[in-house]
Structures are given as C-alpha cells and as structure tokens.
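The opening position of the sequence shown corresponds to residue 149 in our numbering, with each subsequent residue numbered one higher.
Glycine included, every Cβ here is placed at the ideal spot set by N, Cα and C.
If you're wondering where the values come from, they're calculated on a predicted model, not measured in any experiment.
One structure below.
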Amino acid sequence: MASNIAIKLGVGIASAGAIGGAGYGIYSYNNTTDTVQSYLEKNNFVVIKQSEQDLWNKSYEAYKFEKTSDLTITPDNSEGIKAWCNTALNKTIKSKTEIDYTGATKLCVRFETIKDKLSKELEQTVTKLNGKLDLFTTSIQEEIKKINAEEGQNKVGTQIQKWCAENSKRRNSTENKPYLDDIRKNCLTA
149 MASNIAIKLG VGIASAGAIG GAGYGIYSYN NTTDTVQSYL EKNNFVVIKQ SEQDLWNKSY
209 EAYKFEKTSD LTITPDNSEG IKAWCNTALN KTIKSKTEID YTGATKLCVR FETIKDKLSK
269 ELEQTVTKLN GKLDLFTTSI QEEIKKINAE EGQNKVGTQI QKWCAENSKR RNSTENKPYL
329 DDIRKNCLTA
C-alpha cells in the first residue's frame, strides 16, 4: 500500500512538473524580447541593409508576384518595401506564422531569384519562342495569352518573351518551382 501511494505521488509530481515546464516554455516563447531581425539573423538569414538599393529593387520585383490580402504594402514600390521592413524588423517576434515574420523572410532578406538560378540566358529572339506556347503547362499558357503584345506573326513569341522576363524575377522557392521548371524548359537560349 505504501508503494502504491509513492507511485501515485511520483506520478502527480512528474505531471505537475511537465505541465509547469510546458507552461513556462509557452510563456517564455510568447514573452521573448527578440526582434524579428534578431531572430532572422540567428537563423542564418542576411537582412538587406538600408543602403542596398539594388536589393530593395529586387525584393520589390519579387513582391509583385507575392502580394496577398495579408501582405499589401504602400506605397507600392521599393521604398515602400524598405519602410515596411524597417518597421517589421524592429517588432518583437510573437510567432513564426505572423505576417511580420513571414513577410520579413520574403521581403527583407537576401534571396535568389529564378533568373539568378539559371545557368543560361533568357532567349531574346521572339521568332525562336513563337512555337513554344504548347510546351508550357496549361495554367501558364493561360497567363501568357493574357499578356498584351502587338498583333502580327511574332505575337505569341513576344508574349512568351515578356512572360519569361517578368517571371524570372520571382523568388527561387518551392512554391515557385513550376515557374522555374517552365522557364528552364522553354525560355532559355540553346
């Protein structure tokens, strides 16, 4: 009987300790004094410096494809991105899912675009691109058809060239892999 009480007492103490530890873990995570910038740097992201205007321009070009209702920046230009990042990076991080953190991982740090990833140059000769529309995935074919281009025998080639140039500015990421694959397959010089 005494050993039964000791077991129950031990289980009770262990449970209380586990609950207390979990509670403290949640408390300390939610009450961190880490800024978004500090947290990013601790996780090996390289934050864009205010003076690196070419990288802010690159970030803005990628942002054009990644706007969401949760992440809309005004003014809609590289200066707007820089100002948004300056504010977001100085906030205290509360969660890796909050918009200040997720937006900062996309807009405020150095990244590679699809164009940076390519080993060849984009094809500039529209006549070489004319017959390639059917080689793109169906959803991308629809995007290409919506691009404004002058009527004529090279209209489709011009639309493809514009699509390739614009979409090569996307961030090289898992979510943009279909774009990378289509650009590699259809947009590069021979």
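Hey, how far is the Cα of S321 from the Cα of I153?
Within the sequence shown, the letter at position 173 stands for residue 321. Within the sequence shown, the letter at position 5 stands for residue 153. So the two alpha carbons sit approximately 57 Å from each other.
Give me the DSSP bridge partner(s) of T235.
Along the sequence shown, one-based indexing puts residue 235 at 87. In the DSSP output, where bridge partners are listed per residue, T235 has none listed.
Taking the alpha helix (DSSP H) that D224 falls in, what are its first and last residues?
Translated into the one-based positions of the sequence shown, residue 224 becomes position 76. Element bounds for D224: n/a, residue is neither H nor E.
Quick check: the region 202 to 214 against the region 242 to 257, are at least 3 beta-carbon pairs closer than 8 Å?
The region 242 to 257 vs the region 202 to 214: in contact.
If you run the structure through DSSP and keep just helix, strand and coil, what is L219?
Position 71 of the sequence shown, counting from 1, holds the residue named residue 219. Coil at L219, not helix or strand.
Nearest to K347 by alpha carbon, out of N324, K197, V184, V194?
In the structure displayed, the chain extends from 149 to 338; residue 347 sits before or after that span and is not available.
Identify the continuous alpha helix (DSSP H) that holds N334 and give its terminal residues.
One-based indexing of the sequence shown puts residue 334 at position 186. First-last of the alpha helix (DSSP H) with N334: 325 to 334.
Alpha carbon to alpha carbon, how far is F213 from A231? Give it in angstroms, no decimals.
If you number the sequence shown from 1, residue 231 lands on position 83. If you number the sequence shown from 1, residue 213 lands on position 65. A231 and F213: Cα-Cα distance of roughly 19 Å.
If I measure Cβ to Cβ from E291 and keep anything under 7 Å in the same chain, skipping five residues before and after, which residues do I get?
Along the sequence shown, read from residue 1 onward, the residue named residue 291 stands at position 143. So the list reads W311, once near-sequence residues are dropped.
My guess is that L270 and L336 are in contact by the Cβ rule of under 8 Å, so how many angstroms apart are they, rounded?
Taking the sequence shown and counting its residues from 1, one reaches residue 270 at position 122. Taking the sequence shown and counting its residues from 1, one reaches residue 336 at position 188. Confirmed, about 6 Å.
On the DSSP bridge assignment, give the partners of V195 in chain order.
The sequence position of residue 195 within the sequence shown is 47, counting from 1. Paired residue(s): V257.
With a threshold of 7 Å on Cβ separation, who are the neighbours of D330 within its own chain once the five nearest residues in sequence on each side are excluded?
What you label residue 330 is simply residue 182 of the sequence shown in a count that begins at 1. Hits under 7 Å: F284, T285, I288.
Is the separation between the beta-carbon of L281 and that of I308 shorter than 8 Å?
Here residue 281 is taken as the residue at index 133 of the sequence shown, counted from 1. Here residue 308 is taken as the residue at index 160 of the sequence shown, counted from 1. A contact, by the Cβ cut-off of 8 Å.
Looking at L219: is its Cβ nearer than 8 Å to the Cβ of G251?
Within the sequence shown, numbered from 1, the residue matching residue 219 stands at position 71. Within the sequence shown, numbered from 1, the residue matching residue 251 stands at position 103. Yes, they are a contact pair.
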